[in-house]
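Novice:
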Amino acid sequence: MVKEGIVLGHKISKKGIEVDKAKIEVISKLPHPMTVKGIRSFLGHAGFYLRFIKDFSKISRPMTHILEKNSPFIFSNECIQAFKTLKDKLTEAPILIAPNWDQPFELMCDASDFAVEAVLG
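In the numbering used here, the protein residues as written are 1 to 121.
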């Protein structure tokens, strides 16, 4: 019987679901994007692990702002910080486990002009 394996880019084991370290290692070595295409590519790869990064849309907002129509490409210090934060959060992503349905829990939701988030507590 298989104890763990990679399914759709996620490592599945009896501990839960976690990121595939091989894919994250590649992302952690990336320099910051120099083009709009580079930003789209990075956000696409990082977005695959969206479920592991709390506040992903808030953190990535400086970079997604550059992708808006008629927005000049200025990769500011704010963008560099967002890029580094996302890379750091990817390399230390927590393991997701299924909730214990026998225990009470609450779902907390929040929304703003550019993000929606929910936390299972």
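Backbone N, C-alpha and C define an ideal beta-carbon position, used for all residues, glycine too. Note that the structure is a prediction, hence the values are computed from the model and not measured.
Who does GLU18 pair with in a DSSP beta bridge?
Specialist: Per DSSP, the beta bridge partners of GLU18 are LYS11.
Novice: Across which residues does DSSP place GLY5 in a beta bridge pair?
Specialist: ILE12
Novice: In whole angstroms, what is the alpha-carbon distance linking TYR49 and SER57?
Specialist: 12 Å
Novice: Name the DSSP bridge partner or partners of MET108?
Specialist: VAL119
Novice: Could you tell me how far apart the beta carbons of VAL116 and MET108 are, in whole angstroms, since I believe they sit closer than 8 Å?
Specialist: Actually they do not touch by this definition, with Cβ atoms about 12 Å apart.
Novice: With the cut-off set at 8 Å, would you say ILE59 and LEU90 are in Cβ contact?
Specialist: no
Novice: Quick check on GLN103: does DSSP put it in helix, strand or coil?
Specialist: coil
Novice: Please report the residue range of the alpha helix (DSSP H) in which TYR89 lies.
Specialist: Note on residue identity: the sequence assigns Lys, not Tyr, to residue 89. Counting along the chain, the alpha helix (DSSP H) containing LYS89 begins and ends at 77–91.
Novice: Compare the beta carbon distance of ILE27 and ALA46 with 8 Å and say whether it is the shorter of the two.
Specialist: yes
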